[in-house]
Each structure stands twice: as structure tokens, then as C-alpha cells.
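Shown next, in C-alpha cells, is the structure this report addresses.
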Amino acid sequence: MENQCATDLCSNSAVREQSECPLHCEKNDYGIDFHNNFVLSKFYDELINYILKQVYELPLTRPIVSKDDFRSFLLDELESEAVEAFAREQIIVFDHIKFPERDSRDRFDYFNLLKKIKGAHFNYCQFLYLYFDLNDFQSFFQDCEFLKEWTLYPLDMLGNVNRVLYQNCKFSGNVSFSDHFNLLEKSDYSVFNDCEFNSEININGIIVNNSIFNNSNSFQQNVSKLSISDSTIKSKFILNKTSFDEITIKNVEFESKFEFKENNIRNLNIINSNFGKVFDMYDSKVKKVSFFKSIFSDFAGFECCEFGYEGEKPTTFKYVTFLSFVNFRNATFNSGLDLENANLKEMPNFLNVKLLSNNTNRETLRIIKHSFDKVGNHIEANKYFSLEMERHKNDMAGESWSQEKIVFLLNDKISKFGRSYFRPACLVVVLSLIFQAIVFSYENNYLYKIYPEYNSKIASVVDFFNGIALSIIPFSRFLYSGIEFISLIFYIMYATLIWQLVISIKSHTRKN
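Structure follows, in C-alpha cells:
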């Protein structure tokens with residue numbers, strides 16, 4: 001007595017040395033299944049029985065064609081327009097069936113059966129074959145598993161609530177799109193809904209009118225690599241809450257919204273690509289990122305994003321053009337930011353941006369400073385002015401000494417380019433104490449006791465410089481008698497320190 005299939009609600013006989021029937025047993029490579037117990041031919045025969053059962057044994061079915069005629073039509077033993085028309089109305093639900101590899105030259109190629117019916121709902125099925133190129137065959141894959149690489153061909157969508165082709169499916173191998181996708185002219189359904197990808201997704205050299213992803217708001221997933229190249233994406237591209245090892249977007253035209261929110265990405269490269277509508281990367285985290293020769297025609301949002309890590313090259317927008325507003329609000333750049341070669345039509349929003357590295361160049365700091373100045377946020381503008389000057393000082397480190405370099409060094413030492421009011425205030429106090437000590441020493445003749453034998457020569461030199469100091473009329477009445485030149489030097493230093501103190505205080509207290 002033959003063993004019955006172990007799958008629930010299946011009464012078929014099990015394949016020899018297995019516990020399940022040809023529809024439900026584990027499948028292997030084509031060569032193995034072809035020779036091993038004739039699994040492929042038995043699968044073909046049982047699939048015919050399965051289709052007949054779906055059509056003739058379901059309670060609501062009222063067939064107008066006899067079962068024998070329909071079987072003969074499926075087996076290519078009957079040609080009838082009436083039977084063919086009947087078959088083209090049939091939609092079959094394939095439940096928990098494991099589809100093997102196939103060869104179109106075989107008599108028992110199961111694609112010959114699928115081509116005769118209108119469409120199918122594949123529910124919890126497994127596929128070893130690499131693609132479905134059935135053109136106008138209406139399809140819906142739900143909770144299916146694709147065990148090898150899978151190439152997507154354009155299919156008519158079988159009606160479902162989410163209007164998708166693949167829902168809650170699992171792809172074990174690489175997923176790619178056939179260039180036949182260019183034939184789809186209407187964006188009337190999405191491709192993936194809440195699917196799991198264990199390897200790469202490759203979109204290359206095609207025009208996509210359909211929305212590729214239509215995931216639930218709470219759905220999260222991991223993708224090894226996403227590669228989009230030499231393509232045009234006409235519909236919205238929305239992919240959120242996903243972790244990627246690598247993303248490469250090269251030579252791509254996005255004609256609709258690009259939404260890429262709350263993603264975690266190890267390596268992101270966007271090269272020579274154009275974004276025609278809104279670009280939104282809200283709250284995404286990217287370890288290594290580079291934007292090169294790309295154009296953002298509409299709003300570009302990087303709010304709450306985190307880029308780079310300590311020791312990595314700065315986040316770079318090289319030869320990137322922003323034709324509309326850019327929002328970097330609350331973004332963090334752990335390895336610095338480089339906008340030196342970016343083209344900005346409008347000043348970006350850098351409110352609460354964090355630059356946690358010294359890799360940010362002077363031109364980028366100037367752009368950030370100017371953006372705050374433009375909206376009247378002068379406190380933040382002064383902060384980035386100081387950072388800009390700090391970077392300029394570092395750039396001058398290898399240059400020879402000059403007046404400009406000396407002035408910059410003094411600004412740095414006295415007030416850190418306006419960032420510290422504590423330094424100039426302390427220096428004023430120190431200078432006051434020193435000057436008072438000099439005055440006290442002069443009044444008590446302590447200065448003349450240092451080198452008594454040279455007093456006459458020192459006195460003539462002092463008189464000469466004191467005369468010069470007295471000739472500067474605006475200061476003459478403020479100079480201390482007998483040490484006018486020293487007084488002048490100290491007054492100049494006082495004026496410099498007080499000016500630095502005022503600038504520092506204003507930079508910390510000026511109203512936005």
C-alpha cells in the first residue's frame with residue numbers, strides 16, 4: 001500500500017523514499033529531480049489533478065465544460081475554443097506547493113499548464129526556478145519562498161488588498177529585474193510588500209513605472225546590498241526602516257519622490273544621479289557616505305541624520321547641485337562635512353547641527369556661518385566664524401611668518417577668535433597688576449637699583465622713547481609721568497584686550 005502525503009489535507013500518494021507527494025516534497029536541482037523517481041513528470045501530472053480539483057470540486061464552482069474535456073485541453077489532447085475560453089477564466093490558488101526547476105523542452109513543463117489559465121494566487125509556495133516570464137499571466141505571490149536567485153519579469157497583478165505582486169515573501173538569493181520591465185507602461189501596482197531579502201537587490205538598465213516597495217509602516221528588514229544603475233525610476237521610491245551593508249546609486253533618474261527614512265547604512269554612494277522631486281533621508285544613519293555629481297531639483301532633507309564615524313573621511317557632497325532648499329537640522333557629522341564643491345541655490349538649514357570632527361574644511365564652515373547670519377542667528381554664526389578662523393589658522397601652519405599669520409595667532413591666543421571672554425578678562429587683570437608693579441617700582445626708585453652703573457645711559461634712552469610717546473597727542477594726557485612710553489604700550493594692550501573682550505561678549509549675547 002502506498003504511503004499518503006504527510007502534508008495536511010493532501011490525499012496524494014507520497015514519492016518513494018519520501019513522506020510527501022510530488023507537489024509537496026522537497027525539490028532538488030533539475031538533473032536530480034529528472035532522474036530521481038521521475039519527480040518532474042509526476043509533479044506535472046499531480047499539478048493537473050490539483051487544477052482540476054480547484055475548478056470542479058470547490059462548492060461555488062459551476063463549470064460549463066466537462067472535467068474530461070478540460071483535462072484533455074490541459075494535456076494538449078483537445079483543441080476547442082469553448083474549452084480554451086473557459087480555461088482563460090480560471091484563477092487557481094496554489095497552496096504550499098513546492099515548484100521544481102523546469103526546462104521548456106520537456107513535455108511535462110508545468111509552465112505549459114500555467115499559460116492555459118488566467119492566473120494564480122501562490123500561497124506559501126516554494127520556487128527553485130529562476131524566473132516567471134508568463135507576461136499576461138495574473139499573479140500574486142503571498143508568503144512564498146524563492147530558494148535561488150530570482151529575476152523579476154513583468155506580470156499582470158492578480159487583484160489583492162495591497163495591490164502588490166510579492167507580499168511577505170522571502171528571497172534567499174540575489175533579486176534582479178529583467179529588462180522586460182521597460183514594457184510596463186502603467187504604474188498600477190507595487191512590486192514588493194513586507195518581503196525579506198537575504199542577499200542583493202539589483203536594478204540595472206531599466207525604466208520602472210511601478211512602485212518597487214510598498215511596505216507597512218512598522219515593517220523592518222535587512223538587505224545585504226542595493227544596487228540601482230543606468231535606470232529611470234518614474235514612480236515614488238519609498239524604502240524605510242531598512243538596514244543595508246551597501247547601497248550604490250549610479251546614473252539614475254528619480255522622477256518622483258525619494259523617501260529613505262530611518263535606515264541604517266554601512267556604505268552609501270550616490271553617483272551622477274538626479275532627484276526630480278523631494279529627497280528625504282530623515283533620521284537615517286550612514287557610516288560611510290559620498291555624493292558625487294548629482295542634482296537635487298526639489299527639497300532635500302537630511303534632518304536628524306547621522307553620518308560617518310571618528311577617523312573616517314568627511315561626508316562629502318562633491319560637484320552636487322541643490323536647486324532648492326536643503327535641511328540639515330539636528331544632523332550629526334561624526335567625521336566632518338565637506339560642502340566646498342557643492343552648488344547651493346539657497347542657504348541650507350544647519351540649526352543644531354553637530355560637527356564632531358576636525359575634518360570640516362574652512363569653506364564649509366563659512367557656508368554654515370553665512371546660513372546662520374542670513375536668518376539672524378548671530379550667536380551660532382559667531383561660533384562657526386571662530387571655527388572658520390581656527391581652520392584658517394591650521395591651514396596657515398606651514399606658511400612663513402607674516403603680518404596676517406601673527407594677527408591670527410594673537411586672535412587665537414587672546415580669545416580663541418571670539419569664543420572665550422574669560423581669556424581677555426584675565427589678561428586685563430594680569431596686565432593691570434604688572435603695570436601697577438612697574439609704577440610702584442618707579443615711584444620707589446626700585447628700577448634704578450637694578451643696574452646702577454648704567455642709570456645715565458638708561459635714562460637717556462628712556463627720555464627718548466618717553467618723548468615719542470608724549471608726541472602722540474591723543475594719549476599724552478593719559479600717560480604716567482616718567483614712564484610715558486611704557487604707559488603707551490600698556491594702553492595699547494589694554495585697548496586690544498578690551499576690544500577682544502567686547503567682541504567675545506557680543507558673540508555670546510547678541511540676539512538671534
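Heads up: the sequence shown at position 273 corresponds to 273 in UniProt numbering, and the numbers run straight through without jumps. No residue lacks a Cβ here, since even glycine has one placed at the ideal position from N, Cα and C. All values derive from a computational prediction rather than experimental measurement.
- Put simply, of Thr360, Lys345, Lys42 and Val430 the residue whose alpha carbon is nearest the alpha carbon of Gly311 is Thr360.
- Sorting Asp133, Ser139, Ile117 and Ser324 by C-alpha distance to the C-alpha of Met347 places Ser324 at the top.
- DSSP, reduced to helix, strand and coil, places Leu152 within a strand of the structure shown.
- The C-beta separation of Ile203 from Thr232 comes to about 10 Å, leaving the pair out of contact by the 8 Å criterion.
- Within the stretch 65-143, complete beta strand (DSSP E) segments of at least 3 residues are found at 91-95, 119-123 and 138-142, given in chain order.
- When the five nearest sequence neighbours on each side are left out, the beta carbons in the same chain lying within less than 8 Å of the beta carbon of Ala14 are those of Glu2, Asn3, Gln4, Cys5, Ala6, Glu20, Cys21 and Cys25, in order along the chain.
- The continuous beta strand (DSSP E) containing Ile203 extends over residues Glu200 to Asn204.
- Remark: C-beta atoms of Gln142 and Lys118 do not approach each other more closely than 8 Å.
- DSSP places Lys318 in the uninterrupted beta strand (DSSP E) bounded by Thr315 to Lys318.
- Closest in alpha carbon position to Val353, among Lys277, Asn343 and Glu380, is Glu380.
- Boundaries for Glu363: no beta strand (DSSP E) harbours it, while the alpha helix (DSSP H) harbouring it runs Arg362 to Lys374, taken from the DSSP string.
- Nearest to Asn334 by alpha-carbon distance, out of Thr242, Leu501 and Pro314, is Pro314.
- For a cut-off of 8 Å, the C-beta gap from Phe99 to Gln138 is around 17 Å, too long to register as a contact.
- Exclusion of the five residues before and after Asn123 leaves Val93, Phe94, Asp95, His96, Gln142, Asp143 and Cys144 as the residues of its chain whose Cβ lies within less than 8 Å of its Cβ.
- Where Lys27 is concerned, there is no enclosing alpha helix (DSSP H), because DSSP gives it neither an H nor an E.
- In the assembly as shown, Asp280 is a buried residue. Its beta-carbon has 16 or more other beta-carbons within 10 Å.
- In the DSSP assignment, Thr321 is bridged to Ile295 and Asn343.
- Shortest Cα-Cα distance from Cys195 to any of Val175, Tyr384, Asn209 and Asp29 involves Val175.
- Selection Thr248, Ile486 and Asn214 evaluated against Asn240 yields Asn214 as nearest (Cα-Cα).
- One alpha carbon belongs to Val65, the other to Ser72, and they sit about 11 Å apart.
- If you look at Tyr44, you'll find it in the alpha helix (DSSP H) that goes Val39 to Tyr56.
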